[in-house]
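J.: Have a look at the structure that comes next, please.
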Amino acid sequence: MLTTINVHGNGMALEVLRDVIGHGPNGYSQSQYKAIISYLNEVASFKDCWEKIWSKDKLRFGVEPSDLAVNYTMPILKKIRDGVLWELGAGTGRDSIFLSKYCNNVTSIEITKTAANDIKKQLERKGIKNVEILNDDVWSILKRQNNLKKGFVDVVHAHSFLHYTKPIMTGVLFSEIYGLLRTGGHFVFGVKGKGDHLFGKGEEIDKDVWVFEDGQRRKFYDEESISEVLNNAGFEVEVLNTEKEFFDDTVSEFVVGVARKG
Ligand SMILES: C[S@@+](CC[C@H](N)C(=O)[O-])C[C@H]1O[C@@H](n2cnc3c(N)ncnc32)[C@H](O)[C@@H]1O
Numbered sequence: 018m019l020t021t022i023n024v025h026g027n028g029m030a031l032e033v034l035r036d037v038i039g040h041g042p043n044g045y046s047q048s049q050y051k052a053i054i055s056y057l058n059e060v061a062s063f064k065d066c067w068e069k070i071w072s073k074d075k076l077r078f079g080v081e082p083s084d085l086a087v088n089y090t091m092p093i094l095k096k097i098r099d100g101v102l103w104e105l106g107a108g109t110g111r112d113s114i115f116l117s118k119y120c121n122n123v124t125s126i127e128i129t130k131t132a133a134n135d136i137k138k139q140l141e142r143k144g145i146k147n148v149e150i151l152n153d154d155v156w157s158i159l160k161r162q163n164n165l166k167k168g169f170v171d172v173v174h175a176h177s178f179l180h181y182t183k184p185i186m187t188g189v190l191f192s193e194i195y196g197l198l199r200t201g202g203h204f205v206f207g208v209k210g211k212g213d214h215l216f217g218k219g220e221e222i223d224k225d226v227w228v229f230e231d232g233q234r235r236k237f238y239d240e241e242s243i244s245e246v247l248n249n250a251g252f253e254v255e256v257l258n259t260e261k262e263f264f265d266d267t268v269s270e271f272v273v274g275v276a277r278k279g
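Here you go:
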């Protein structure tokens, strides 16, 4: 199934915010609200940027699963058996499709129509029935879901995605991921490391935040800085490594890890 919810254009941030969070206390601080509004104001241009990338080349990251999916997420799912997995920023679904063999069901969140439709086609071609695609922005989906029902997901997987948001917004997303997971559930992630080939290229707009010439903004982490964001969201860090991975036609550095909701 492909569920499409509208991604709103610039200037619609407050309306989206009201629509998504509903009424009542949400546990966000004033600075987090500001970060969410600024994020919602830029999300449409991020979407456009990725629509262009995926329209040009749907095989940009290949069809083989990421090292993160193979070495970290799959072994956890194998132990759980019949688990519930959510993937954030799924791209053309190489990890969701691979991991669907090791769990009961997968929910794949992807903002672009181009990549989401590509996952849908692959699922139909391969006869895979246990993957649902949600075609919208990650924060809006996580928040809407947590408003309805929390604490039922065994594993959240996010490869090469959470370094695109500003650090304060990454903290907001980590808190929503925490809410989504059941107690004892795992968050498996890979974010760009400071030893990555893109670190130091383009313009530095904040500490370790670089805007590359194609307009993409990335925060580069090390093990200490990502631990801090995880701990602030309530996670216990179980595994943290800095690894090289062949990605996007070159060798990239990722800080990868597994964090647990205690
Ligand atoms: C670097 S790609 C990684 C794709 C995939 N995880 C992989 O490793 O093959 C990042 C993906 O996140 C998606 N994305 C970016 N911002 C998003 C958002 N706010 N909500 C959902 N998806 C988003 C992009 O469209 C893109 O497909």
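Under our numbering, the first residue of the sequence shown is numbered 18, with each subsequent residue one higher.
Glycine included, C-beta positions come from ideal geometry on N, C-alpha and C.
#1: What did DSSP end up calling residue 276 once you bin it into helix, strand or coil?
#2: Tell me which residue opens and which closes the beta strand (DSSP E) that residue 200 is part of.
#3: Heavy atom of ligand 1 less than 7 Å from the Cβ of residue 214, yes or no?
#4: What distance in whole Å lies between the Cβ atoms of residue 263 and residue 208, which are believed to be in contact at a cut-off of 8 Å?
#5: Skipping 5 residues on each side, what residues in its chain have a beta carbon closer than 6 Å to that of residue 255?
#6: Heavy atom of ligand 1 less than 7 Å from the Cβ of residue 154, yes or no?
#7: Applying the criterion that 16 or more other CB atoms from any shown protein chain within 10 Å of the CB defines a buried residue, is residue 197 buried or exposed?
#8: Under three-state DSSP, which class holds residue 153?
#9: Could you pull out every residue in the same chain whose Cβ sits closer than 8 Å to the Cβ of residue 230, ignoring the five residues on either side in sequence?
#10: Within a Cβ cutoff of 8 Å, which residues of the same chain sit near residue 18, ignoring the five residues on either side of it in sequence?
#11: Given this structure, state the Cα-to-Cα distance separating residue 109 from residue 86, to the nearest angstrom.
#12: Please report the residue range of the alpha helix (DSSP H) in which residue 81 lies.
#13: For the beta strand (DSSP E) containing residue 38, list its first residue and its last residue.
#14: On the CB-based measure, 16 or more other CB atoms within 10 Å of its CB, does residue 169 come out buried or exposed?
#15: For residue 131, report the span of its alpha helix (DSSP H) as first-last.
#16: Which of helix, strand or coil does DSSP assign to residue 269?
#17: Would you mind working out which of 45, 80, 101 and 38 sits nearest residue 199, comparing C-alpha positions?
T.: Let's see:
#1: Residue numbering aside, residue 276 sits at position 259 when the sequence shown is read from its first letter. Of the three classes helix, strand and coil, the one that applies to residue 276 here is strand, per DSSP.
#2: In the sequence shown, the residue the question calls residue 200 occupies position 183. Its beta strand (DSSP E) spans residues 198 to 209.
#3: By 1-based counting over the sequence shown, the position of residue 214 is 197. Using a cutoff of 7 Å, the CB of residue 214 does not count as near ligand 1, since none of the ligand's heavy atoms is closer than that.
#4: Here the question's residue 208 lines up with position 191 in the sequence shown. Here the question's residue 263 lines up with position 246 in the sequence shown. Contact doesn't hold; Cβ gap of about 17 Å is too wide.
#5: Position 238 of the sequence shown, counted from the start, is the residue given in the question as residue 255. Contacts found: 275 and 277.
#6: Within the sequence shown, numbered from 1, the residue matching residue 154 stands at position 137. For residue 154, the Cβ falls inside the 7 Å cut-off from some heavy atom of ligand 1.
#7: Counting from one through the sequence shown, the residue named residue 197 turns up at place 180. Classification of residue 197: buried, given that the 10 Å Cβ count is 16 or more.
#8: Within the sequence shown, the letter at position 136 stands for residue 153. It is coil, neither helix nor strand.
#9: The count along the sequence shown starts at 1 and reaches residue 230 at position 213. Excluding sequence neighbours, residue 230 sits near 218 and 219.
#10: Taking the first residue of the sequence shown as 1, we reach residue 18 at position 1. Note that residue 18 scores a pLDDT of 41, beneath 50, so its modelled location is shaky and nothing firm can be said.
#11: For the purposes of this step, residue 109 is identified with residue 92 of the sequence shown, where counting begins at 1. For the purposes of this step, residue 86 is identified with residue 69 of the sequence shown, where counting begins at 1. Near 14 Å, if we compare the C-alpha coordinates of residue 86 and residue 109.
#12: Along the sequence shown, one-based indexing puts residue 81 at 64. Looking at the DSSP string, residue 81 is not in any alpha helix (DSSP H), and its letter there is neither H nor E.
#13: Here the question's residue 38 lines up with position 21 in the sequence shown. Segment 30 to 38 is the alpha helix (DSSP H) holding residue 38; no beta strand (DSSP E) there.
#14: The sequence position of residue 169 within the sequence shown is 152, counting from 1. Label assigned to residue 169: exposed.
#15: Within the sequence shown, the letter at position 114 stands for residue 131. Element bounds for residue 131: 130 to 143.
#16: On the sequence shown, residue 269 is found 252 positions in, with the first residue counted as 1. Residue state, collapsed to three classes: strand.
#17: Here residue 199 is taken as the residue at index 182 of the sequence shown, counted from 1. Among 45, 80, 101 and 38, the Cα nearest to that of residue 199 is on 101.
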